[in-house]
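A.B. asks:
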Amino acid sequence: MLTPQIHTGMLLSPRPYSSSSLYLGPTSSISCTDGTSPIRSAPSAIAVPFKMRLKCLTEATEAAAELTARERRQLRQQRREAKDSNWREQVEDRLLLEAKKRKKAKPSRAARLSVNGLMALGPQWWALRVSRTRAPEIATRLTRALSTNFPEVEFKVYNPSVRESRKLKDGTIRIKHRPIVPGIMYLHCKLNRQVHDFVKTCQGVQGFLGSQIEANKEEYFVKPRPIDADEIEAILQQEKEEQDTVDKAFKEKEAGGKKPSRRNNLNQAYLLPGVNVRVLSGPFADYTGSLKEIDLKKKKATVHLVLFGKESSVELDIDQIDAVIA
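For what it's worth, the working numbering labels the leading residue of the sequence shown as 1, then goes sequentially.
Put into structure tokens, the structure is as follows:
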């Protein structure tokens, strides 16, 4: 019987040769006792099966337990080269697969559609879509409804607007709210499913602003998105500045308006008793009358105007009138 040996730089004890046991050394040189090679001397038409080669390498590993570190490295390299695929690619594929598993899994569809998860964010500002012309009324109604149905919930309804005052002919003052962000109102609270559904059903509220999520093939669900506190602060600052400007303009109008510029007073040199004059500012602005008296020291003038079909005398500042030159 043929007895193969492994040449690894050291002589290993021979074993009987069989089809189930072949020994390969680090140099993969296989020979029998008669000097022939059972694999390399085979006809070229006969291919050695891969499993057989791998098994030979495995048995060679067991037999080479006493090999040096260098010889073991050579043996491992031969085992890698014996495989059909590149071992480096296998290592890279395994690392990529492990990295994919470590990635955070996407939230489920039910979690994306759930509103209760927003409760963990704590009190936040939420934007509501409302009617452009009825925002003050809707804000009042929503405040009352939340106070009645959710007394334990702390909330604040904010409708950014500017109060514009206008004096009517009968002397009454009318106040009109001009929205800063038309069609948008803000709610500050901890949002859960109950509060969310209740606010959406409140009269005048059209829904929340947020991310649109597909509920099914025909419907979409809008998941509320919290508004940054910096954005709310910017709206508050804008509201304050515009309100101050409107209030200042109304007070100036009530006090007689702005002083006419020099350009409007080019004809004041012609202000003489009996001259027709035009009122430039104040409650009698744009009226035309006759100048009766003028006091340059006090800078006052008496003008006769026709009011409601009756002639009346009105005392005005000189800066409020201008001569009408034909």
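Glycine included, every Cβ here is placed at the ideal spot set by N, Cα and C.
Evaluate A127 with the Cβ neighbour count: other Cβ atoms within 10 Å of its Cβ, from every protein chain shown; 16 or more gives buried, anything less gives exposed.
C.D. replies: Buried.
A.B. asks: Kindly list the residues whose CB is nearer than 6 Å to the CB of P26, restricted to its own chain and excluding five residues on each side of it in sequence; keep chain order.
C.D. replies: Bear in mind that the predicted position of P26 carries a pLDDT of just 46, short of 50, making it unreliable; the figure below should be weighed with that in mind. Closer than 6 Å at the Cβ level, and outside the excluded window around P26, lie T8, E71, Q74 and L75.
A.B. asks: For a minimum of 4 consecutive residues, which ranges assigned as the alpha helix (DSSP H) are wholly contained in the stretch 109-195?
C.D. replies: Those alpha helix (DSSP H) runs which fall completely within the stretch 109-195 and span 4+ residues are 109-113 and 135-149.
A.B. asks: Would you grab the beta carbon distance between V162 and I180 for me? Rounded to a whole angstrom, and I think it's under 8 Å.
C.D. replies: Their Cβ separation, rounded to whole angstroms, is 7 Å, which keeps V162 and I180 in contact under 8 Å.
A.B. asks: With DSSP collapsed to three states, give me the class of R278.
C.D. replies: Strand, per DSSP.
A.B. asks: Nearest-angstrom Cα distance between E164 and K100?
C.D. replies: Rounded to the nearest angstrom, the two C-alpha atoms are 60 Å apart.
A.B. asks: Assuming F198 and N149 are in contact, meaning their beta carbons sit under 8 Å apart, how far apart are those beta carbons, in whole angstroms?
C.D. replies: With a Cβ gap of about 6 Å, F198 and N149 count as contacting.
A.B. asks: Determine the closest residue to K200 out of P273, K223 and T68, with distance taken between C-alpha atoms.
C.D. replies: Minimum Cα distance to K200 is reached at K223.
A.B. asks: Using the C-alpha atoms, what's the distance from A120 back to T172?
C.D. replies: For T172 and A120, the distance between alpha carbons rounds to 50 Å.
A.B. asks: Comparing C-alpha positions only, which one of F250, T68 and V306 sits nearest to D286?
C.D. replies: Among F250, T68 and V306, the Cα nearest to that of D286 is on V306.
A.B. asks: Quick one: Cα of E154 to Cα of R174, how far?
C.D. replies: Near 33 Å, if we compare the C-alpha coordinates of R174 and E154.
A.B. asks: Between the alpha carbons of K298 and S313, how many angstroms are there, rounded?
C.D. replies: So the two alpha carbons sit approximately 17 Å from each other.
A.B. asks: So P123 packs on C189, CB below 8 Å; how close in whole Å?
C.D. replies: That pair is a contact at about 6 Å.
A.B. asks: Name the DSSP bridge partner or partners of L271?
C.D. replies: Answer is none; L271 lacks a bridge partner.
A.B. asks: At the level of alpha carbons, what is the spacing between F250 and Q243?
C.D. replies: Each residue's Cα considered, the two are about 11 Å apart.
A.B. asks: Quick one: residues in its chain with C-beta nearer than 8 Å to the C-beta of Q194, no 5 flanking neighbours on either side, listed in chain order?
C.D. replies: Closer than 8 Å at the Cβ level, and outside the excluded window around Q194, lie F150.
A.B. asks: Can you tell me whether DSSP reads T68 as helix, strand or coil?
C.D. replies: Reduced to three states, the DSSP call for T68 is coil.
A.B. asks: Between L296 and G274, which are expected to be in contact by the criterion C-beta below 8 Å, what is the C-beta distance as a whole number of angstroms?
C.D. replies: Their Cβ separation, rounded to whole angstroms, is 16 Å, which puts L296 and G274 out of contact at 8 Å.
A.B. asks: Does DSSP classify K310 as helix, strand or coil?
C.D. replies: Reduced to three states, the DSSP call for K310 is strand.
A.B. asks: Keeping to the same chain, check which residues put their C-beta closer than 8 Å to that of K310; ignore five residues upstream and five downstream.
C.D. replies: Contacts found: none.
A.B. asks: Name the residue from K156, R278 and T302 whose alpha carbon lies nearest to the alpha carbon of A323.
C.D. replies: Answer by Cα proximity: R278.
A.B. asks: Going by DSSP, what residues sit across from A323 in a beta bridge?
C.D. replies: Answer by DSSP bridge pairing, in chain order: V277.
A.B. asks: From which residue to which residue does the beta strand (DSSP E) around F208 run?
C.D. replies: Segment V205 to F208, the beta strand (DSSP E) holding F208.
A.B. asks: Assign D93 to buried or exposed, taking buried as 16 or more other Cβ atoms, counted over all protein chains shown, within 10 Å of its Cβ.
C.D. replies: Exposed is the call here.
A.B. asks: For R337 versus P182, is the C-beta distance shorter than 7 Å?
C.D. replies: Residue 337 lies beyond the range of the chain shown here (1 to 326); nothing can be said about it.
A.B. asks: Alpha carbon to alpha carbon, what distance is there between E231 and K169?
C.D. replies: Going by the C-alpha atoms only, they are around 40 Å apart.
A.B. asks: DSSP beta-bridge partners for I232?
C.D. replies: DSSP, once it has assigned bridges, lists no residue as partnering I232.
A.B. asks: Cutting at 7 Å between CB atoms, please list the residues of its own chain near L236, excluding the five before and the five after it.
C.D. replies: There are no such residues.
A.B. asks: Taking the beta strand (DSSP E) that I318 belongs to, which residues open and close that run?
C.D. replies: Counting along the chain, I318 falls outside any beta strand (DSSP E), and DSSP gives it neither H nor E.
A.B. asks: Going by DSSP, which residues form a beta bridge with Q212?
C.D. replies: In the DSSP output, where bridge partners are listed per residue, Q212 has V222.
A.B. asks: Tell me which residue opens and which closes the beta strand (DSSP E) that D295 is part of.
C.D. replies: Element bounds for D295: T288 to D295.
A.B. asks: Who does L305 pair with in a DSSP beta bridge?
C.D. replies: BP columns for L305 point to S312.
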